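Residue numbers (our numbering), protein chains in the order written: chain C, 1 to 295; chain A, 1001 to 1357; chain E, 2001 to 2334.
By construction, the Cβ of each residue, glycine as well, lies at the ideal position given by its N, Cα and C atoms.
The model shown is predicted, which means the values in this text are computed figures rather than measured ones.
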Amino acid sequence: MNALLETGARTWRETRKTFKILSRNKMGLLGFIGVIVIVFLSFGGPFIWPPETSANIADINQGISDRHWLGTDFQGQDNLRKVINGGKDIVTIAFLTGIIATLIAVTVGSFSAFIGGRVDSVLMELVNIWLTIPKFPLLAVLATVLKLNDIVTLSILIAMLDWPGLSRQVRSQVLSLKRRDYIEAATMLDLGAPHIVFREILPNMMSFIAISMIFTMTHAIYQQTGLVFLGIVPYSSANWGVMISAAERRAVLYNPQATWSILAPMGAIVLFQLALVSFARSLDEVFNPRLRTSV
Amino acid sequence: MAVTATVSTTTPRSFIWLEKIANNFLLRRLVKAFFTIWIVTTLTFFIVRAMPGNAVDILIQDLTAAGMSADDARNQAASLLSINLNQPAHEQYLEYLANMVRGDFGKSYKSRGLKVADMIAAVLPWTLFSVGLSLLITFLLGVGLGALMAYKRDTWIDHLLSNLAATLDAVSPYLIGLLAILTLSVTWKIVPIQETRGALSPGIQPEFSLEFFADVFMHVKMLLLVYVLSSVGSWMLRMKSNTVSVLGEDYVTVAKARGLPDTRILTAYVGRNATLPLFTLLAISIGYVVGGSILLERLFTYRGVGFLLGDAIASRDYPVMQGVFLIMTVAVVFANLLADYLYGWLDPRIRISGGGQ
Amino acid sequence: MQPTLSVQNLSIEYQARRGRVQAIRNVSFEVHRGEALALIGESGSGKTTLGLGIVQLLPSTAKITQGKALYRRDTLTLDALTLQGKALREFRWKECAMVFQSALNALNPVLRIADQFGDTAKAHGYLQGRALQERAEQLLRMVRLDPERVWKSFPHELSGGMRQRVLIALGLLLEPQLLILDEPTTALDILTQRNIMDVLKELRAKLDFALIFISHDLSLAAELADRVATVYAGKIVEIADVATTFQDPHHPYTIGLINAVPTLRGAKEDLTSIPGSPPDLIELPPGCKFHPRCPLADYRCREQEPELEPIKPGHAVACWQWRSARAAMEKFRS
């Protein structure tokens, strides 16, 4: 219990230090603010701008105007309002998948690195094999057979397919940390594996874990919007993926007047992915000195 | 010489053979490739046959719902999937494996009577062609631009390319595809979208003629562009970071001290050593591009295996889904094997020691 | 006879985040044909920078602020520091070869030794094919390697000592007039080190090049060099022939270094280390840079920096106390 508290305190200190350094990195800060804004709008926005319930025949496929900042769709509904109301699923799946995949990957990866020997090599060989299987087709087939319809199960499924690659990276990180002097000292003092993992290794890997989690999140966004595009996971709610595929199905793509109803949700997804990645990249730049711009 | 002589006198012959297999890089990779295919085939069997809510059950339900009697539906489903439902599970599994080895993936459920293997064979060349070509272009472009970024580190060109690469890497391939259509076909009208539909125009015969190749290119160009754009970013970033670290290696400094010409240092010393680690990334990249083909071939109506899988998924055509998924995996695994062999051939450390980590 | 290399008033700086690193300060020395000069000093004293500076391989943050490095062969005279493009490329290795500290990683891992010789020869329009191989085999034998074993090998198939000897053979390929060896035996075990030193001594006897031997190890310098230059904080503080350096040193730092070397005959108690550590090259102390560690320092040492002054023919010292240094240091030890 005490060890856990200590870990918490150390993680908090590390996180604060991270943000201090990050605030000097413009792209990273922009990305971080972007993520916060999108999350806030997706969860808070619907209370302020609830979804429109009826079609608005007079305003079908409008361009951008004072009244409709991002134009209107084939039902004459405001695109901006739809975008605000359509983010919750995607944001939830991204975070859920990121968290689940990272948890599994960290557990398996550090376990493998610590046990070493035969268990380690078998585990990593299996992970290598897993990496060569084309994941998206497998996901598509599985999602079809399982007839998925709720976001939690979908997140779990995507996470189950995504963790192995991550665990390989975690393993090599743990291995390189394990060789550092202070960890070797802790091992010699026989402080016990939980102590070493929670107090010495994990706090030093927080930035790495955060980066990996963010990349898993963007990947999850790609996969789940892809599934929507293929028509495998129809949602009742109109999320960004559904908006795109609905617009695409109505050949909006080829109707210059209606372009905004596809650009709006696309922009939302792209912004979310870019914000996540620029945040992660700046974390990477800060913590991976080799890529740092000047010596 | 002396070492081998002592070994052969103390170790039995059969053991040496096993050792040789275990230590032979190429052979080990081949064994691993087949092992991977076996795992995926088995996985597919479970998805299709054994999982709760598996394909067979769903197919039977669908057929019954379409007005078939329960027994007929069962027989029909079994024959479509080339499965004998009356056998015990392990025998079904063995027979299934034998069928897969023979290339018998059953018959399509929607396109009645068509063999899945034939359907795949008709479209597979187009996917192999488009994915293969795009991987080649992406690799060359990524390596070239990545090295340029490293050489011009911290100049405007590096900043520009790095940000571009990071952006392309972040955005989903099919969003890039949508954007390409929106800009090139709808807004600027440079590429009429109708002309890229399908893999060939009607009436064009595969032959060794300019007309044929021009038509092939016309149909594949948008797809190619999007494949390249969506994966070149990560190659560029990796190549940059590899080149930066190789530029710091002693052998590069020594090569300069040896008075070697810059071009020789760039190619044989920096380029080759920075590119080598990229081959291990091919595995992930190939899978990624092939996975993306489901969405992109559909977006550009390019009739390859990705399009076929998308179609099969939309119509819940399980035999086709199973067949296409297996073929995709086999293709990716063999492409990886090829990449591994290429790597082994280019890196002497792997070639001789056989230790491939 | 004209010296092969004469370095005159050379200063080199690095630009670091904290400020300018004064790695080499106003250094002058000469090396003649057939002569070996050892540059001795603690790590971080700027020895390696000096070597890299002569072949213009300093990192981009470094800048040569003043000085010349005149290289002479027959009637040709050129300043190695101002060479550019093709002339620089030709100067490197053909005129001046440099064997680096970390030989383990000095050869391209993906090319066979034969190709690395071929590359070097081709870059300088030297022998090719069969003739090259014969010449290389002769050199490899000279560094006590079996050409049959080495010629077709990749670097990773050779041990560290073998790689270092391959690099030395490669360094001699174009018959350079000047060879710079930067810590050629560090990172190698003691037996391999011995072997390389023997090889180098043999080469010195057989061939007629000027050698600059950079090392922190006094005993190695004693074995190989004709003259020894002691480097402290980027400056030569004493230069003399090898016998004088060891028997009659006049700079307290040289005396300290020699006292810190264990000898088989000397008693353990006689060993003394120099207190303190080398100075920060960004914020150098005023006056003599050695004064914070020098037991003999007085007010003048703390304020004025002594220049290298000849005290005898072929022996120069930069110390205010050089007359009394030896006796005082002896007294101080006991």
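| Query | Result |
| --- | --- |
| Neighbour flag for D1215 (chain A) against chain E, beta carbons, 9 Å | no |
| Min CB distance G1198 (chain A) to chain C below 9 Å | no |
| Contiguous alpha helix (DSSP H) assignments of at least 4 residues, all confined to the region 1129–1175 of chain A | 1156–1170 |
| Inter-residue Cα distance where the pair is W1156 (chain A) and A1147 (chain A) | 15 Å |
| Backbone CA spacing between K1107 (chain A) and P1202 (chain A) [nearest angstrom] | 27 Å |
| N2105 (chain E): contacting residues in chain A (beta-carbon distance under 8 Å) | E1249, D1250 and Y1251 |
| Supposed contact pair D2208 (chain E) and G2314 (chain E) - C-beta distance, whole angstroms, cut 8 Å | At roughly 21 Å, the Cβ-Cβ gap does not stay under 8 Å, so G2314 (chain E) and D2208 (chain E) are not in contact. |
| K178 (chain C): contacting residues in chain A (beta-carbon distance under 9 Å) | Under the 9 Å cutoff, chain A gives no residues; its nearest Cβ is about 17 Å from K178 (chain C). |
| Exposure label - L1337 (chain A); buried when at least 16 CB within 10 Å | buried |
| Supposed close pair L154 (chain C), I214 (chain C) - CB separation, criterion 8 Å | Wrong, their Cβ atoms sit about 19 Å apart, outside the cutoff. |
| Interface flag, G1356 (chain A) vs chain E, CB-CB below 9 Å | Reliability fails at G1356 (chain A), whose pLDDT of 37 lies under 50, so the model's placement of it is uncertain and no value is given. |
| Inter-stretch contact at 8 Å, needing at least 3 Cβ pairs: the region 1163–1170 of chain A / the region 267–281 of chain C | yes |
| Residues sharing a beta bridge with Q2066 (chain E), DSSP | E:S2011 |
| Local conformation of Q2002 (chain E) per DSSP, three classes | coil |
| Within 7 Å of chain C by C-beta, residues of the region 1311–1327 of chain A in sequence order | I1313, A1314, R1316, M1321 and F1325 |
| Cα-Cα separation, Q1357 (chain A) to R2163 (chain E) | No answer about Q1357 (chain A) holds up, because its pLDDT of 34 lies below 50 and its placement is not dependable. |
| Proximity test, Cβ basis, 9 Å: A1065 (chain A) and chain D | The structure shown contains no chain D; its protein chains are C, A and E. |
| Contact set between the region 1169–1191 of chain A and chain C, restricted to residues whose Cβ is under 8 Å from the partner | D1169, A1170, V1171, S1172, P1173, Y1174, L1175, L1178, L1179, I1181, L1182, S1185, V1186 and T1187 |
| Distance, I1294 (chain A) Cα to I1313 (chain A) Cα | 10 Å |
| Member of C:R81, C:M124 and C:F40 whose CA lies at the smallest distance from the CA of S172 (chain C) | C:M124 |
| Boundaries (first-last residue) of the alpha helix (DSSP H) holding P203 (chain C) | L202 to F229 |
| Extent of the continuous beta strand (DSSP E) run through S342 (chain C) | Lying outside 1 to 295, the shown extent of chain C, residue 342 (chain C) is not represented and no answer is given. |
| Contained alpha helix (DSSP H) runs [length at least 4] in the region 2049–2112 of chain E, N- to C-terminal order | 2085–2094 |
| Residues near C2301 (chain E) in its chain [Cβ-Cβ closer than 6 Å; skip 5 each side] | G2287, C2288, H2291 and W2320 |
| Ordered list of beta strand (DSSP E) runs contained in the region 2147–2217 of chain E, each at least 3 residues | 2178–2182 and 2210–2215 |
| CB contact below 9 Å: Y1288 (chain A) versus chain C | yes |
| Counterpart residues of A299 (chain C) in DSSP-defined beta bridges | Limits of chain C in this structure are 1 at one end and 295 at the other, which puts residue 299 (chain C) out of reach. |
| Cβ of D1347 (chain A) within 9 Å of any chain E Cβ | yes |
| Neighbour list for A1147 (chain A) in chain E, Cβ cutoff strictly below 8 Å | Here the premise fails: no neighbours, minimum Cβ distance about 16 Å. |
| Euclidean distance between Cα positions of L1097 (chain A) and T144 (chain C) | 23 Å |
| Below-9 Å beta-carbon distance, L2167 (chain E) vs any chain A residue | yes |
| Test: V1305 (chain A) CB closer than 9 Å to a CB of chain E | no |
| D1317 (chain A) versus Y1109 (chain A): straight-line alpha-carbon distance, rounded | 6 Å |
| Cβ-Cβ separation, R1258 (chain A) to H2156 (chain E) (assumed contact under 8 Å), whole Å | Wrong, their Cβ atoms sit about 19 Å apart, outside the cutoff. |
| 8 Å Cβ shell around L1178 (chain A) - same chain, five flanking residues per side excluded | L1299 |
| Residue-level contact to chain A via CB, M213 (chain C), 9 Å cutoff | no |
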